[in-house]
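Residue numbers (our numbering), protein chains in the order written: chain A, 1 to 221; chain B, 222 to 514.
Each remark here refers to the structure printed beneath this line.
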Amino acid sequence: MDTIYQIFIANGAFATICKGLWVTVEISLAALVLGTLLGAVLCFFRMGKNSPMRFLTAGYIALVRGCPVLMLLMLLFYGVLAQSGLTPIVVAILAFALHTAAHVAELFRSSIMATDFGQVEAARTLGFSRIQAFRLVTLPQMMHIARPVYQSTIVNLIQWTSVVGYVTITDLTRVIYNTASRTMQPMITILGGMIIYIAISYCVYGIFAWLEWRDKREVAE
Amino acid sequence: MNWKKAATILLGCALVGAVLVGCGGQQAAQKDNNQDGKNIVKVGLLTRQNLSEDKLNSLLKEKESSGQAMIVTYYDNLSAMQMGLDAGNIQSMRIYKSVATYLTDRNNNLVVKEVADHPMDEFCFGVRKEDEKLQADLNRVIADMKADGTLEKLSKEYVTALKKGEEPPAVTLPFQPGDVPLRIAVTGDLPPLDLVKADGSAAGFNTAILAEIGKRLRCSIEVVQVASGGRAATLTSKKADVVFWTVVPVEKKANNEAVGIKGLFMPRDADVPEGMALTDSYFSDEVVDVAKK
């Protein structure tokens with residue numbers, strides 16, 4: 001117990017771990033919001049009738065999905081945006097958002113394709129506008145279909161952020177490595193770090209489970 | 222259905238158990254010892270940035286004596302190497318004596334073993350090749366600190382005189398608001414030379430040297446934390462102005478040969494990436510093996 005106290009709590013270690021955790025959450029949340037918005041835009045062009053845009057977005061998705069996120073992050077931070085004056089955290093958010101967007105775009109596309117197009121046609125026949133048909137018919141079904149994979153995308157994103165130590169950011173993983181080196185207790189420290197990451201993942205699972213439970217209750221009522 | 226669940230859980234537990242005990246890594250390592258009738262020693266080494274593991278192993282093979290062979294495995298940081306040793310993937314960690322002492326002070330299952338010929342590595346700063354003025358300034362400060370005994374005093378305070386289990390004291394780095402700081406990349410991976418304290422502040426012998434350099438050059442110092450593998454990129458992309466580096470010394474030997482691992486020839490620039498220049502060394506430390514008791 002004393003070893004665990006010395007590693008994770010003593011002399012401000014707990015506050016340092018919390019700071020690292022906040023950096024991880026901050027990057028993940030911002031990248032998720034930005035990535036989802038960008039992913040929706042990409043999906044729109046990917047499924048649109050404009051051939052050059054369709055070709056471009058398909059190329060972007062193939063390129064980014066095939067590229068390891070650490071390579072993309074290092075390319076942006078040490079290359080493309082090296083002289084931009086952007087802080088490392090902003091560059092990390094951009095890199096993860098670009099990467100997440102490619103995955104989310106494909107997720108949205110597959111979810112839309114899984115919905116019954118006949119229902120949209122029926123709605124249009126009943127006088128719904130295109131936007132209304134999408135908002136009231138396609139979107140709720142698409143969200144329901146996309147939810148399990150979107151949940152995994154969020155958990156993956158949180159785990160991907162563990163490489164930001166390569167671009168001078170002290171996130172949870174970096175704090176755990178520093179602590180392991182300082183205390184020379186890598187096994188216990190990394191196990192502790194792993195438990196924190198699992199706890200974050202289970203928070204995400206919990207939110208989605210609650211959403212699902214709420215939907216079921218509404219349907220039952 | 223229940224049988225299926227039980228079988229899945231049992232299989233899962235067996236898999237987790239196998240992973241946690243290292244999948245017989247120790248036995249695998251021992252088996253290698255007897256391959257081709259040679260005694261193979263598996264040694265862990267911190268990753269060299271500019272000398273690949275394969276290249277180093279092929280160089281070592283040329284130096285191989287009959288009956289004795291060495292295979293080097295690179296690790297990105299000390300923690301990973303220590304876990305490799307625990308799992309039996311390597312038989313010893315080849316690290317600096319000061320780091321080995323810090324490690325064995327905290328882990329009673331490990332022991333320090335001296336290496337034949339007592340190879341020494343030197344610690345210096347890496348700067349961008351075009352930053353000639355900075356390189357000259359750092360060389361001047363290092364020479365001054367050597368001459369007035371500051372380096373010796375600091376190495377005693379932060380390395381050699383540390384009591385068992387004690388961490389090196391915290392250092393206040395000079396910082397003047399409005400100054401353009403000298404940005405120095407630290408990894409926190411090499412205590413007591415380079416570590417990050419529990420409160421998240423950079424500490425250790427290297428940081429103490431930085432504070433002294435800041436005072437003498439009358440400039441602010443900003444510490445940038447980066448993973449060991451990202452040091453060169455951090456420097457060349459101008460995200461930091463100075464990085465810490467180690468080199469095998471060659472000046473003391475004739476014909477540009479150094480006493481490295483197994484007397485292996487390694488030129489001073491073997492581990493120096495393109496675009497980086499090194500300063501004079503400010504500290505040297507013996508290379509030793511750390512193994513299980």
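For every residue, glycine included, the Cβ atom is placed at its ideal position computed from N, Cα and C.
Residue 150 of chain A and residue 296 of chain B have their C-alpha atoms roughly 35 angstroms apart. The C-beta of residue 390 of chain B comes no closer than 8 angstroms to any C-beta of chain A. Counting only residues of its own chain and dropping the five nearest sequence neighbours on each side, residue 190 of chain A has a CB closer than 7 angstroms to the CB of 176, 180.
Burial check for residue 390 of chain B: the Cβ neighbour count within 10 Å stays below 16, so the residue is exposed. At a Cβ-Cβ threshold of 8 angstroms, residue 145 of chain A and residue 204 of chain A do not count as neighbours.
Taking 8 angstroms as the threshold, the shortest C-beta distance from residue 165 of chain A to chain B falls below it. Nearest in C-alpha terms to residue 307 of chain B, of all of B:267, B:449, B:330, B:398, is B:330. Non-local beta-carbon contacts of residue 268 of chain B in its own chain, meaning distances under 6 angstroms to residues more than five positions away in sequence, involve 295, 297 in chain order. Between the stretch 81-93 of chain A and the stretch 153-172 of chain A, the count of C-beta pairs closer than 8 angstroms reaches three or more; the two stretches touch. When the five nearest sequence neighbours on each side are left out, the beta carbons in the same chain lying within less than 8 angstroms of the beta carbon of residue 73 of chain A are those of 91, 92, 95, 96, 163, 164, 166, 167, in order along the chain. Per DSSP, the beta bridge partners of residue 343 of chain B are B:468, B:505.
If you ignore the 5 residues before and after residue 102 of chain A, its C-beta comes within less than 6 angstroms of the C-beta of 61, 64, 65, all in its own chain and listed in chain order. What residue 437 of chain B touches in chain A, judged by beta-carbon distance under 7 angstroms, is nothing: the nearest beta carbon there is about 26 angstroms away. Contact of residue 348 of chain B with chain A is not assigned, every C-beta pair being separated by 8 angstroms or more. The alpha carbon of residue 185 of chain A has as its nearest neighbour, out of B:370, B:301, B:260, the alpha carbon of B:301. Residue 386 of chain B and residue 311 of chain B have their C-alpha atoms some 25 angstroms from each other. The C-beta of residue 400 of chain B comes no closer than 8 angstroms to any C-beta of chain A. Contacts with chain B at 8 angstroms (Cβ-Cβ) do not include residue 110 of chain A.
Within chain A, the residues 183, 184, 185 have their CB atoms less than 8 angstroms from the CB of residue 327 of chain B, given in chain order. Residue state for residue 397 of chain B is assigned as coil, using DSSP reduced to three classes.
Setting aside the 5 residues that flank it on each side, residue 425 of chain B is surrounded in the same chain by 379, 389, 412, 413, 414, 415, 416, each with a C-beta closer than 7 angstroms to its C-beta; the list follows chain order. Under the criterion of beta carbons closer than 8 angstroms, residue 82 of chain A and residue 458 of chain B qualify as touching, at roughly 4 angstroms. The contact set of residue 78 of chain A on chain B, defined by CB atoms closer than 9 angstroms, consists of 451, 454, 455, 457, 458, 460 in chain order. Taking 8 angstroms as the threshold, the shortest C-beta distance from residue 92 of chain A to chain B does not fall below it. Excluding five sequence positions before and after residue 193 of chain A, the CB atoms of its chain that fall closer than 6 angstroms to its own CB belong to 176, given in chain order. In the structure shown, the three-state DSSP call for residue 512 of chain B is strand.
Between residue 20 of chain A and residue 172 of chain A, the C-beta spacing is below 8 angstroms. Around the Cβ of residue 319 of chain B, a 10 Å sphere holds 16 or more other Cβ atoms; the residue is buried.
Contact check between the stretch 202-218 of chain A and the stretch 433-449 of chain B: fewer than three CB pairs, one atom from each, fall below 8 angstroms, which does not count as touching. Counting along the chain, the unbroken alpha helix (DSSP H) around residue 299 of chain B starts and ends at 299-308.
Sequence-ordered contacts of the stretch 403-420 of chain B with chain A read 406, 409, 410, 411, 412, 416, 417, 418, 419, 420 [C-beta pairs closer than 8 angstroms].
Excluding the 5 residues flanking it on each side, residue 16 of chain A has same chain C-beta neighbours closer than 6 angstroms at 175, in chain order. Look at the stretch 70-149 of chain A and you find these whole runs of alpha helix (DSSP H), each 4 residues long or longer: 88-114, 117-125, 130-133. Secondary structure note for residue 207 of chain A: its alpha helix (DSSP H) is the uninterrupted segment 186-220. If you look at residue 260 of chain B, you'll find it in the beta strand (DSSP E) that goes 260-267.
With three or more CB-CB distances shorter than 8 angstroms, the stretch 432-440 of chain B counts as touching the stretch 357-364 of chain B.
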